[in-house]
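The sequence shown begins at 2 in the working numbering and counts up one residue at a time. Don't be surprised by glycine CBs; every beta carbon is placed ideally from N, CA and C. In this text the structure is predicted, and so the values were computed from the model without any measurement. To start, the structure itself, in C-alpha cells.
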Amino acid sequence: MNSPSASPESLPVPLVEDLLTDWLRARFAQTFPDCPDAASAGRVLPSANPEFGDFQCNDAMGLAKALRLPPRAIAEKVVTGAALPGVVARLEIAGPGFINIALEPAFVSERAAAVAADPRSCIPQTGAGRTVVLDYSSPNVAKPMHIGHIRSTIIGAAIDQLHRALGYRVLADNHIGDWGTQFGIIIMGYRHFADPAKLAEAPASELERVYVLSYKRAKDDEAWMDQCRAELVKLQQGDSENRALWKEFIRLSLVEFERVYARLGVRFDLVRGESFYQDALAGVVGRLEAAGLAKESEGATIVDLSAEDLGVCIVRKRDGGFNYATTDIATVDSRVTEFAPEKIVYITDERQQLHFKQFFSVCRKLGVAPDSTALVHVWFGLMRLPEGTFSTREGNVIKLEALLDEAEARALAIIRESRPDLPESDARALAAQIGIGAVKYADLSQDPRTLITFTWEKALALEGNSGPYLQYAYARISSVRAKYREQFPDTDPDAHPLVLGDPVERALALKLAMFPAVVQKAALAYRPCLLADYLYDLAQTYSSFYQRLPFLKAEAGVRESRVRLCGIVAEVLGRGLSLLGINTPERI
Ligand code: ARG
C-alpha cells in the first residue's frame, strides 16, 4: 500500500463486475460454508435485460441439487441480512432465483467519468509483467499477400493492441515464409522471365508471376525441374550467387509488405522469417529422436500422433529436408528461451488447424513449451467475395493492395459528393481513413470463425454496423462539443457533475463504465468483435440519447452534464476504435 509510486490516481480500479462478484462470492461462501460448490458461486454478469437491473447472478440455480433447496430460497438466504456494498442501490430476487443488482447512479457516473479521465481507461493491467508473443500476418516471400494474410494482419493487429491495453509486453513477430523448396523454382523463374520495370513497381507480384511461370514449366519439363532442384541445393549449400538472389527476393518482398503495413498502420517488433531457425532444425529432430518421440517411416522421420487422433507429423522428409512443422517447433523453442512468454498466439486461417494442433502437441511432449507457456491458435474463416464485386480479382487470390485502393476510391467518391468543397489532398486523406477503416471494421466486427461475405455496400454504409457509421458518430459528437464551445465559451462542461436524470442517460453512462471489462474480455478471448459490438451498441445508445434529449437548449447544469457525457462517449469511441486500428477524423 505504501509503495512510493502508488499515487491515488494510479491505484488499479477493479471492474464493476469483479467488485460485485467478490462481495457475492463471500456471501455464498459464508452462507453455505459446508458446500464446496458454493465457494465458487457468486459470478456477477451484466444483465441480459436492463429492465431487471444492471447486473445479475444466476448461480443459485446451479446449487439447488447440492444444497437440496429451491434456488429462490438459496438466493434469499444469501442476501437476507447482508450489508449491501455502498455502490448497490437495489438488490432483488426474481423469477426462479436470479439475483438482480442495480447500481447507485452516483457510482455509475463516477465510473463513466473515470474511464475517460484515466489514460488507461481503467482497463485492469492484468498483463503487467507478462509477455505475449503474437505471430500474425506472416506472408510468404515472392507471393503477394492474399485474403488470409489480410485477415491475419487486421485481426492480429487488433489482438496486439488489446493486449497492450492490458499492460502486456507484446512482441509482434511477422514470421514470414522466407525459406523452402519454392526458392529453386523462383530462382529459375527470375533468371529467365523477370521484367525489371515490373520488379521495381510491384516486386512481390512480379516475383509471383515468374514463380508461377517457372512452376508451370517444371510440371511438364523434366529438365527444367532438375535445374530448379539443382538451384535449390546450391542455395541450401550456401552458393554465394543464389544466397544473394534469395536475399534480394526477401528484400523486394519486404518493400511491398511494408508498403501495405504502412497503409494499415501496422508495425511489428520482430520480422524473423522461417530462415532464422534453419540452423536449429537438425537439432530439433535429433532431440525428438533422442527422446524416443520420432521414428523412421518410409525414409522420413515422423512423430506419430495417431493416439491423439492427430495423424503423423513429418519432421524430416525423405530427401533430408525439414518441414513447416520442424521450423515451428524450433521457433517455439527459441521464443520460449529468449522471451519466457506467458503465451504464444498464432493468427491464421482455418486451413492450418491440424498443423498447429500437431506441432503444439510435439512441443509439449518434447518440453520445448513448458506448462507456463500457453500455445494458442486463433483461426478465422476465409472471407468470401461475391462474384463480380472485385474487379482486380485473379483466380482465388485477392490482392490486399488492390482491395485497399478500391476502398479508398469508393470512399473518395462518397466524400466528393457530400463535401464538394473539400480540397483534393484533404479529401484523399479522409478517404484513406474512411476506406481503410471500413475494410478493417468489416473484418473485425464479425466473429472470426464465421464465414463472411464481404460487400462494399455493407462495409462503406453510413448506417448500420460499419466503420464509417462509427466514425461518423464520433464526428457528430465532436461537432456537438464544438457548437457548445461556440455558444458558451466561458464554461467548461467537464468541470460539472454528471447528472443521470433520464433513463437513457443512465444507460449510456453504464455502457461507458463497462468499457474496461469489454476490452479485457475481447483481449483474453482473442475476439475483437466483442469490442466492435460494444462500440456499435454504444453509438446506438448515444444516438437515442441525442435524439431524445435536448442538449444546448437544456437548462444550465443539465446542459453541461449532457455535453460532458458526449465528451466521454467520444473519448471511449475514439479509444475503442483506435484499439481496432481505426482512425477517428474530427469531421467527415
Ligand atoms: N507463412 C504462412 C502462410 O502463409 C503462415 C505462417 C503462420 N505462422 C506460423 N508460425 N506458422 O500460410
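Same chain only: Cβ atoms within 7 Å of residue i, ignoring 5 sequence neighbours per side
i: residue 402; result: 261
i: residue 362; result: 306, 309, 311
i: residue 8; result: Model confidence at residue 8 stands at a pLDDT of 43, short of 50, so the residue's coordinates are unreliable; what they give is reported in the following sentence. Same-chain partners within the cutoff: there are none.
i: residue 587; result: 476, 479
i: residue 256; result: 204
Segment limits, alpha helix (DSSP H) that includes residue i
i: residue 30; result: 17-32
i: residue 344; result: Segment 344-350 is the beta strand (DSSP E) holding residue 344; no alpha helix (DSSP H) there.
i: residue 234; result: 223-237
i: residue 256; result: 241-265
i: residue 453; result: From DSSP, residue 453 is part of no alpha helix (DSSP H); its letter is neither H nor E.
i: residue 477; result: 468-488
i: residue 535; result: 529-549
i: residue 420; result: Residue 420 -> no alpha helix (DSSP H), and no H or E assigned at all.
i: residue 506; result: 504-525
i: residue 43; result: Segment: none, residue 43 is in no alpha helix (DSSP H) and carries neither H nor E.
i: residue 290; result: 282-291
For residue i, the nearest candidate out of the options (CA to CA)
i: residue 493; options: 188, 131, 560, 307; result: 560
i: residue 554; options: 524, 571, 488; result: 488
i: residue 25; options: 89, 71, 68; result: 89
i: residue 506; options: 182, 516, 485, 545; result: 545
i: residue 234; options: 250, 220, 185, 259; result: 185
i: residue 178; options: 111, 97, 324; result: 324
i: residue 164; options: 189, 549, 587, 517; result: 517
i: residue 450; options: 424, 434, 354; result: 354
i: residue 125; options: 538, 111, 524, 547; result: 524
i: residue 117; options: 510, 556, 18; result: 510
i: residue 499; options: 274, 63, 111; result: 111
i: residue 272; options: 259, 406, 282, 264; result: 259
i: residue 437; options: 465, 405, 106; result: 405
i: residue 334; options: 279, 295, 296, 314; result: 279
i: residue 581; options: 33, 468, 484; result: 468
i: residue 284; options: 254, 31, 462, 317; result: 317
Continuous beta strand (DSSP E) stretch holding residue i: start and end
i: residue 380; result: 375-381
i: residue 314; result: 313-317
i: residue 296; result: 295-298
i: residue 104; result: 99-104
i: residue 303; result: 301-305
Coarse secondary structure for residue i, derived from DSSP in three states
i: residue 577; result: helix
i: residue 173; result: strand
i: residue 589; result: coil
i: residue 89; result: strand
i: residue 151; result: helix
i: residue 357; result: helix
i: residue 123; result: coil
i: residue 198; result: helix
i: residue 135; result: strand
i: residue 76; result: helix
i: residue 341; result: coil
i: residue 57; result: strand
i: residue 95; result: strand
i: residue 394; result: Model confidence at residue 394 stands at a pLDDT of 35, short of 50, so the residue's coordinates are unreliable; what they give is reported in the following sentence. It is coil, neither helix nor strand.
i: residue 566; result: helix
i: residue 494; result: helix
i: residue 13; result: coil
i: residue 323; result: strand
i: residue 178; result: strand
i: residue 214; result: helix
i: residue 463; result: coil
Cβ-Cβ separation, residue j to residue i (assumed contact under 8 Å), whole Å
i: residue 530; j: residue 445; result: 6 Å
i: residue 428; j: residue 416; result: 5 Å
i: residue 570; j: residue 543; result: 5 Å
i: residue 442; j: residue 583; result: 6 Å
i: residue 87; j: residue 127; result: Not really, about 25 Å apart at Cβ, beyond 8 Å.
i: residue 102; j: residue 45; result: 7 Å
Nonlocal neighbours in the same chain, by C-beta distance under 8 Å from residue i, ignoring five residues either side
i: residue 350; result: 149, 152, 153, 380, 381, 382, 383
i: residue 139; result: 150, 153, 175, 176, 177, 178, 349
i: residue 49; result: 57
i: residue 484; result: 553
Beta-carbon contacts of residue i that lie in its chain and below 6 Å, excluding the five residues immediately before and after
i: residue 14; result: 123
i: residue 528; result: none
Any non-hydrogen atom of the ligand NAD closer than 7 Å to residue i Cβ
i: residue 176; result: For the ligand NAD, the structure offers nothing, since it holds only the ligand ARG.
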